[in-house]
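Colleague: Order-wise, the sequence lines are chains H and S.
Quick note: the first sequence uses our numbering, first residue 1, plus one each step.
Quick note: the second sequence uses our numbering, first residue 1, plus one each step.
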Amino acid sequence: MKFLVNKDLEHASLLKNLMAGVVFALFFYFILDVVLHAYVIGLDVSTLSTTLFGNPDEFMEPILIDTLLLQVHIDLFMALFSIMIVASIYIRLHNKKVMTKWLVHALFILGLFTPILLMIAYFTNVWFITIWLVTFILGHLLAMWMSLLILKKLLFK
Amino acid sequence: MKKLHLYHIPIAYMLLYVVAILISGIWLFLLSQGLASADILQTLTHIATTPEPKSLHNFIEVATPHMFAIGTLIFVVAHFMLFSTNVSKKFSLRISLMLFTVALFNVLAYLFISFGLVVSGWIKLFSLALFVLVFLFMLGMVAFSL
Numbered sequence: 001m002k003f004l005v006n007k008d009l010e011h012a013s014l015l016k017n018l019m020a021g022v023v024f025a026l027f028f029y030f031i032l033d034v035v036l037h038a039y040v041i042g043l044d045v046s047t048l049s050t051t052l053f054g055n056p057d058e059f060m061e062p063i064l065i066d067t068l069l070l071q072v073h074i075d076l077f078m079a080l081f082s083i084m085i086v087a088s089i090y091i092r093l094h095n096k097k098v099m100t101k102w103l104v105h106a107l108f109i110l111g112l113f114t115p116i117l118l119m120i121a122y123f124t125n126v127w128f129i130t131i132w133l134v135t136f137i138l139g140h141l142l143a144m145w146m147s148l149l150i151l152k153k154l155l156f157k
Numbered sequence: 001m002k003k004l005h006l007y008h009i010p011i012a013y014m015l016l017y018v019v020a021i022l023i024s025g026i027w028l029f030l031l032s033q034g035l036a037s038a039d040i041l042q043t044l045t046h047i048a049t050t051p052e053p054k055s056l057h058n059f060i061e062v063a064t065p066h067m068f069a070i071g072t073l074i075f076v077v078a079h080f081m082l083f084s085t086n087v088s089k090k091f092s093l094r095i096s097l098m099l100f101t102v103a104l105f106n107v108l109a110y111l112f113i114s115f116g117l118v119v120s121g122w123i124k125l126f127s128l129a130l131f132v133l134v135f136l137f138m139l140g141m142v143a144f145s146l
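So this is what it looks like as structure tokens:
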């Protein structure tokens, strides 16, 4: 993070392009992460509840707690790094805007609570699946939007 | 650089994320040792007396991503101590190196059990407890520096 803070972007085209590159990659990571979750656990209430609670009519077993927890463990790790990078660069470029503070707070809170809500849904009921779905989609959309704002500032200014 | 204090937000949240990662990691480890069918105390006793057998394949499967993930995570957390004015660089260096060593010991601990060098699972429990404590101490140092 230190290099992000110290370098003057006007005279550091390499750093500017490197930042654009990593954010570009992360933008596609956020899209693919949604697709991956759709494949692994589902992205609608009915598929998700079948994954988490099983379906006795179709003889489908619920997901094993080990498998779900491993997914949550990995999600937390990936979210930490991806959000840290996006948030740090966003702060670097948009530090004069009042909204920056709240956007960064929202991004981190959504990223942290999404995996936790999935575990809560597994142990409780279908209502938390809806909340998980909303936070998951909102978190990813926010991250993508912030990535686009960064790219706009880096490439088109 | 103006508004440097905004960087306190990602650093503070990083501490929470790392705690959540540590908790889910410990939970996963206990589940692999039979937590689902027993309580925590029973599981800990089971690990200490007769840890679950693990093949070299199982060990490599778990150790490989953890070598990368733990190494990177310690680096990211510890490098924030470069900005600290409350804790000396020398002390930060010592704790960071200790954390890297303990993490390596923790990842490799199950290898001693797998190869039959140690019959009891106390080594894994001890290394895990030590790793979590030192990591929490490092997180505390970063939090104190904020």
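Every residue gets a Cβ at the ideal spot worked out from N, C-alpha and C, and that includes glycine.
(1) On the premise that Val107/S lies in contact with Ala63/S, defined as a C-beta separation below 8 Å, what is that separation, rounded to the nearest angstrom?
(2) Would you report the Cα separation of Val76/S and Ile63/H, rounded to the nearest angstrom?
(3) Out of Met14/S, Trp122/S, Leu146/S and Leu128/S, which has the shortest C-alpha to C-alpha gap to His66/S?
(4) Tell me whether the beta-carbon of Leu146/S lies closer than 8 Å to the beta-carbon of Ala12/S.
(5) Please report whether the beta-carbon of Leu161/H lies at a distance below 8 Å from any beta-carbon of chain S.
(6) Please report the residue range of the alpha helix (DSSP H) in which Asn78/S lies.
(7) Let me see if you follow: with CB-CB separation under 8 Å, is Met19/H close to chain B or not?
(8) For Val35/H, which residues of its own chain have a beta-carbon under 6 Å away from its beta-carbon, when the five flanking residues on both sides are left out?
(9) Of the residues His57/S, Glu61/S, Ile60/S and Gly34/S, which one's Cα is nearest the Cα of Pro51/S?
(10) Just checking: is the beta-carbon of Ala87/H within a distance shorter than 8 Å of some beta-carbon in chain S?
(11) Note down the Cα distance separating Ser114/S from Ser84/S, rounded to an integer number of angstroms.
(12) Once the 5 residues before and after Met81/S are set aside, which same chain residues still bring their CB inside 6 Å of it?
(13) Thinking C-beta only, is Phe27/H closer than 8 Å to Leu142/H?
(14) What whole-angstrom Cβ distance do His73/H and Ser24/S have, given they're in contact under 8 Å?
Modeller: The answer reads as follows:
(1) 5 Å
(2) 33 Å
(3) It is Leu128/S.
(4) yes
(5) The requested residue 161/H is not part of the displayed model; chain H covers only 1 to 157.
(6) Going by the sequence as given, residue 78/S is Ala instead of Asn. Looking at the DSSP string, the run of the alpha helix (DSSP H) that includes Ala78/S is Leu56 to His79.
(7) This model lacks chain B altogether; the protein chains it does include are H and S.
(8) Once the five neighbours on either side are set aside, Val35/H has no close Cβ partner at all.
(9) Gly34/S
(10) So yes, Ala87/H belongs to the interface.
(11) Here the alpha carbons of Ser84/S and Ser114/S stand approximately 41 Å from one another.
(12) Ser92
(13) no
(14) About 4 Å separates the beta carbon of His73/H from that of Ser24/S, a gap short enough to meet the 8 Å contact definition.
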